[in-house]
Amino acid sequence: MNDEKKYTVVGTDVEEVKRLNKNSGLTYNQVKEILAKQMQKRAKLK
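If you count the sequence shown from 1, position 28 lands on 23 in this note's numbering, and the numbers rise without skipping.
Written out as structure tokens, the structure reads:
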């Protein structure tokens, strides 16, 4: 494996950003999907 770190033009560590994003929680689309499923369940109960 290549141990050389990748940086953007302004000096951002690309792998560090990917690692932090992976641990940051739900994405916008995941939240939309969960809310849509909850709304469908509520509509069926009425």
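C-beta atoms are modelled at their ideal positions from N, C-alpha and C, and glycine is treated no differently.
What you are looking at is a predicted structure, and each value in this text was computed from that prediction instead of being measured.
Between Lys17 and Glu10, the CB-CB gap reaches or exceeds 8 angstroms. Across the structure, Gly20 and Arg14 are spaced so that their CA atoms are roughly 12 angstroms apart.
Spanning the alpha carbons of Gln25 and Lys39 requires a straight line of approximately 22 angstroms.
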